[in-house]
Amino acid sequence: MDQDRYGAAFHVQDLREQLAKADEDTDRYIHVVARNLRNPDQYLKIVEALRDAGRADEATTWARGLAAHSTSPYLPPLRDALVDLLIEAGDDQEALAVRRTAFERTPVHAVFRPLRATTVRLGSPQTVSWAQDPLRERLPDKPRLRPGADPVPARRRNSTTTPGRWPSTASTSWAHTCCRT
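So in the UniProt record's numbering, spot 160 of the sequence shown is number 160, and the numbers just go up one at a time.
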């Protein structure tokens, strides 16, 4: 029964958002969406509406809502929006700081890629050099991620998976790609 109430509440909220968006009244839309700020997706909807309305400063303020959901798996699109807004506003250092903070919190390849893309976009290679160190430090703990290592341990192979069917690990290993000197 609780699932039915949750499902109904979700659909009512979704309908309210659709109606507010159809009215093309940005403030009303924000008011409706802001009723339910349970995840970063809601912040992102507001950021996009404000950005589309030419209200970049307000959009940036809402994009900072990522701090309220720092562990959410739905955070990357909101972080991307914040970085884009900061770069558009000419605040390159803060954009890099957002990426760097995310990487410091979670030093994995999925967070490294956007950091690297932002540094390339802004021409700041020293940040990429800094970020490679934590990745290199993690490699001794994960021998299968070292350059040249087999990406599928022998215990996980079955009769249909053979080493010959995998691409060269020396060229495809993410650790090798992002940590080469």
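We put the CB at the ideal spot given by N, CA and C, even for glycine.
For clarity, every value in this text was computed on a predicted model and none was experimentally measured.
{"Check": "Which runs of the alpha helix (DSSP H) spanning at least 4 residues fall entirely within the segment 64 to 151, listed in chain order?", "Outcome": "76 to 88, 92 to 105, 109 to 122 and 125 to 138"}
{"Check": "One question on the structure: do Ala-49 and Tyr-74 come within less than 8 Å of each other, judged by their Cβ atoms?", "Outcome": "no"}
{"Check": "Find out if the Cβ-Cβ distance for the pair Pro-40, Leu-78 is shorter than 8 Å.", "Outcome": "yes"}
{"Check": "Below 8 Å on the Cβ atoms is my contact criterion, and I expect Gln-18 with Asn-36 to pass it. Report the Cβ-Cβ distance as a whole number of Å.", "Outcome": "In fact, because the Cβ distance is near 14 Å, the residues do not count as touching under 8 Å."}
{"Check": "Just to check my reading of the structure: residue 188 and Val-111 have Cβ atoms closer than 8 Å, yes? What is that Cβ distance to the nearest angstrom?", "Outcome": "The requested residue 188 is not part of the displayed model; the chain covers only 1 to 181."}
{"Check": "What residues in its chain sit with their C-beta under 8 Å from that of Phe-10, if we drop five residues either side in the sequence?", "Outcome": "none"}
{"Check": "Can you tell me which of the three DSSP states Asp-41 falls into?", "Outcome": "helix"}
{"Check": "What is the rounded straight-line gap between the Cα of Asp-52 and the Cα of Ser-129?", "Outcome": "35 Å"}
{"Check": "Please state whether DSSP places Arg-51 in a helix, a strand or coil.", "Outcome": "helix"}
{"Check": "Below 8 Å between beta carbons: does that hold for Glu-88 and Ala-68?", "Outcome": "no"}
{"Check": "Pop quiz: Thr-119 and Leu-96 are said to be a contact at Cβ under 8 Å. What is the actual Cβ separation, rounded to whole angstroms?", "Outcome": "7 Å"}
{"Check": "Give the straight-line distance between the Cα atoms of Thr-127 and Ser-70, rounded to the nearest whole angstrom.", "Outcome": "22 Å"}
{"Check": "To the nearest angstrom, how far is it from the Cα of Asp-27 to the Cα of Arg-16?", "Outcome": "13 Å"}
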